[in-house]
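One structure is given below, encoded as structure tokens.
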Amino acid sequence: MTAQVNAAIARFKQRDPSLQRFFDEAYGYAIYPSVGKGGFWIGGAHGDGAVYEKGRLVGVTSITQITIGPQIGGQAYSEVIFFRDGNALATFEAGNFTFSAQVSAVAATAGAAKNAAWNNGVAVFTAAEGGLMAEATIGGQKFTFTPITH
84 MTAQVNAAIA RFKQRDPSLQ RFFDEAYGYA IYPSVGKGGF WIGGAHGDGA VYEKGRLVGV
144 TSITQITIGP QIGGQAYSEV IFFRDGNALA TFEAGNFTFS AQVSAVAATA GAAKNAAWNN
204 GVAVFTAAEG GLMAEATIGG QKFTFTPITH
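Just so we're aligned, residue 84 is where the sequence shown starts under the working numbering, counting upward by one.
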């Protein structure tokens with residue numbers, strides 16, 4: 084998975100060089116190189132990723148999302164969640180981390196990260212890989228974390 088993670092990080096930085104600021108400032112981050120999403124009225128998404136603390140791999144993670152509402156199609160995207168401090172990362176690692184419809188991610192495009200801010204110690208960016216999906220849905224993302232023993 085390391086090669087996919089490195090490629091996803093490179094894609095994020097290529098699309099928006101100002102994202103480097105978050106990689107530099109963050110205590111840790113979770114990155115999902117490829118999340119597949121699809122639906123027809125009821126939809127879902129899933130992807131696997133890696134969690135880093137102070138630049139060191141500390142665990143693996145998965146993302147799952149269920150959505151209900153008008154939607155049709157499929158797409159793939161990458162997602163990175165930055166944790167500003169140890170408390171935000173610890174909340175994620177404890178399994179108490181869920182995104183609701185009220186949390187928004189910033190699309191990684193040139194300059195987008197320049198004006199992005201931390202929200203409760205977290206910043207989220209996504210980058211579409213391909214596909215097309217039309218949707219007007221509500222739903223949350225749920226995450227799992229499994230530590231790696233060194």
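Here a beta-carbon is modelled for each residue, glycine too, at the ideal position from N, C-alpha and C.
Is the distance from the Cβ of residue i to the Cβ of residue j below 8 Å?
i      : j      : result
Val88  : Ala159 : no
Phe105 : Ala206 : yes
Thr227 : Gly178 : yes
Ser145 : Pro116 : no
Gly122 : Gly130 : no
Phe95  : Ala211 : no
Applying the 10 Å Cβ sphere with the 16-neighbour rule, what's the burial state of residue i?
i      : result
Gln154 : buried
Gln103 : exposed
Pro100 : exposed
Ile164 : buried
Gln148 : buried
Gln224 : buried
So what does DSSP say about residue i, is it helix, strand or coil?
i      : result
Gly223 : coil
Arg167 : coil
Asn89  : helix
Thr174 : helix
Phe228 : strand
Phe267 : What the structure shows of the chain is the stretch from 84 to 233, and residue 267 is not part of that stretch, so it cannot be assessed.
Gln103 : helix
Apart from the five residues on each side of it in sequence, which residues of its chain come closer than 8 Å, Cβ to Cβ, to residue i?
i      : result
Tyr110 : Glu136, Lys137, Phe166, Arg167, Asp168, Gly169, Ala171, Leu172
Ile231 : Leu140, Val141, Gly142, Val143
Based on the DSSP output, what are the partners of residue i in its beta bridges?
i      : result
Lys96  : Bridge partners of Lys96: none, in fact.
Glu136 : Gly111, Arg139
Ser161 : Ala210
Asn202 : Val205
Gly130 : Ile146
Gly121 : Gly127, Gly157
Give every residue of the same chain whose Cβ lies closer than 7 Å to the Cβ of residue i, excluding the five residues on either side of it in the sequence, and list them in chain order.
i      : result
Thr229 : Gly142, Val143
Ile114 : Val88, Ala91, Ile92, Gly132, Ala133, Val163
Trp201 : Arg167
Phe175 : Ala113, Phe166, Phe226, Phe228
Quick one: what's got a C-beta closer than 6 Å to residue i's C-beta in the same chain, skipping five residues either side?
i      : result
Gly126 : Thr150, Gln154
Ala249 : Summary: the structure shown does not reach residue 249, with the chain confined to residues 84 through 233, and so no result is reported for it.
Val186 : At Val186, the pLDDT of 48 sits below 50, so the modelled position is not reliable; the number obtained from the coordinates is stated separately. Nothing meets the Cβ criterion.
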